[in-house]
Every structure is written in C-alpha cells, then in structure tokens.
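So the sequence shown is numbered by the numbering used here: it starts at 13 and just counts up by one. The next block holds one structure in the form of structure tokens; read it before the comments.
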Amino acid sequence: MKENPSLRVLGLRNRELHKNYYVESYGGMTSVWYDDVKLGEHMNILSRFSNLEELYLDGNELADLNFAAGLKNLKRLGLKDYYITDLGPLKQAEFLEYPDIRDNPVGEMGDVGNGVEIIQ
Numbered sequence: 013m014k015e016n017p018s019l020r021v022l023g024l025r026n027r028e029l030h031k032n033y034y035v036e037s038y039g040g041m042t043s044v045w046y047d048d049v050k051l052g053e054h055m056n057i058l059s060r061f062s063n064l065e066e067l068y069l070d071g072n073e074l075a076d077l078n079f080a081a082g083l084k085n086l087k088r089l090g091l092k093d094y095y096i097t098d099l100g101p102l103k104q105a106e107f108l109e110y111p112d113i114r115d116n117p118v119g120e121m122g123d124v125g126n127g128v129e130i131i132q
C-alpha cells in the first residue's frame with residue numbers, strides 16, 4: 013500500500029480481517045475457510061497516513077497505543093472497548109483533542125497534553 017498523506021479520516025471500527033480464503037462448493041452446499049488476522053499485528057500500516065486527523069479503531073482488541081507515536085496530527089481518536097492501560101504514546105499527538113477511551117482498564121491518565129478532553 014502506498015503512502016497517502018492526504019488521508020485525514022480513517023474508520024476501522026469492529027473490523028474483521030481475513031486471509032487465505034478457500035471456498036468449496038458441492039451438492040448445493042458451500043464451505044468457506046479463512047484465517048483471521050488481528051488488526052493489532054498490522055498497525056504499522058498507519059505510518060503511511062502521517063496526516064490523519066481522525067482515527068476510529070473501536071472494538072479491535074488492541075492492547076497498546078505504540079502506533080500513535082507517529083500520528084502527530086491526530087485530533088480525534090476512537091479506542092472504545094480495548095485492553096489499553098497506558099496513554100503515554102498519545103503525548104506525541106500534539107493536536108489531540110478528544111481521545112475516546114471508554115471501556116478500557118486505564119489506571120493512570122498521566123499527562124497526554126493540555127486542552128485534551130479524555131472521554132471515559
């Protein structure tokens with residue numbers, strides 16, 4: 013996938029990713045097999061969208077925010093329903109205004125920047 017610095021908004025809420033599809037059809041019955049792919053294993057792809065301002069990743073079973081370190085232009089970030097406990101990587105997003113971290117076991121909010129309204 014090529015870099016796309018013009019992309020500003022990306023929504024990947026509750027995405028199911030699959031690979032290695034195999035479809036078999038016989039006698040009126042069809043079977044489909046595939047391997048699940050975890051979005052968290054491919055977060056490095058976000059580095060190709062360096063000017064993202066809004067990113068919605070709700071419900072994708074992420075455990076950390078390390079991918080956010082390179083997304084300095086983020087203003088809104090949807091991270092509902094995860095296993096995130098550390099907001100430290102969000103410090104790099106200097107324009108971040110509204111991180112939505114509802115349904116996460118975040119213990120310490122820490123310093124994510126001035127003027128940031130954390131939605132819990």
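Here a beta-carbon is modelled for each residue, glycine too, at the ideal position from N, C-alpha and C.
Leaving out five residues on either side along the sequence, give the residues of the same chain with a beta carbon under 8 angstroms from the beta carbon of residue i.
i   : result
L91 : L69, D70, L74, L77, P111, D112, I113, N116
A80 : L86, L89, P101, L102, Q104, A105
If you measure from the CB of residue i, is any heavy atom of the ligand NAP nearer than 7 angstroms?
i   : result
D98 : This structure does not include the ligand NAP; it has no bound ligands of any sort.
Return the chain-ordered list of same chain residues with a C-beta closer than 6 angstroms to the C-beta of residue i, the five sequence neighbours on each side being excluded.
i   : result
R88 : E66, Y110
S59 : G82
E15 : R60
Our contact map puts residue i next to residue j with C-beta atoms below 8 angstroms; I'd like the distance itself, whole angstroms only.
i   : j   : result
L64 : L86 : 6 angstroms
Bridge partners for residue i per DSSP, in chain order?
i   : result
L22 : L67
S43 : E36
G90 : Y68, D112
Spatial neighbours of residue i within its chain, please: CB distance less than 7 angstroms, with the 5 preceding and 5 following residues excluded, ordered by chain position.
i   : result
G23 : Y68
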